[in-house]
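The block underneath contains the structure these notes are about, expressed in structure tokens.
In the numbering used here, the protein residues as written are 1 to 68.
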């Protein structure tokens with residue numbers, strides 16, 4: 001069951017990335033700046049969510065704010 005949770009966490013960033021690529025193609029074909037803006041935003045959101053979803057459990061900053 002733990003693997004299913006990891007797979008579900010990956011779907012959301014991949015959907016954002018695919019949507020960004022689709023908007024990028026539409027923007028480049030039609031020379032539409034609005035779609036290019038949407039594509040940039042979607043790809044940025046997708047990359048951020050992907051980095052959060054693939055973050056290792058021990059890298060989540062358990063010692064945030066602690067002095068060495």
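Where a beta carbon is used, it is the ideal one built from N, C-alpha and C, also for glycine.
- Query: If residue 45 sits next to residue 16, beta carbons under 8 Å apart, how far is it from one beta carbon to the other, in whole angstroms?
  - Reply: Translated into positions along the chain shown, residue 45 becomes position 45. Translated into positions along the chain shown, residue 16 becomes position 16. The pair is a contact, with the Cβ atoms about 5 Å apart (cut-off 8 Å).
- residue 38: which of 18, 54 and 55 sits nearest, CA to CA? Position 38 of the chain shown holds residue 38. That would be 18, whose Cα lies nearest to the Cα of residue 38.
- Do you know how far the Cα of residue 30 is from the Cα of residue 1? Sequence index remark: in the chain shown, residue 1 carries index 1 (1-based). Sequence index remark: in the chain shown, residue 30 carries index 30 (1-based). For residue 1, the predicted structure reports a pLDDT of 49, less than 50, and the residue's modelled location is therefore unreliable. The matter cannot be settled from this model.
- Identity of the residue in 12, 40 and 9 nearest residue 23 by Cα: Here residue 23 corresponds to residue number 23 of the chain shown, with the count starting at 1. Closest by alpha carbon: 40.
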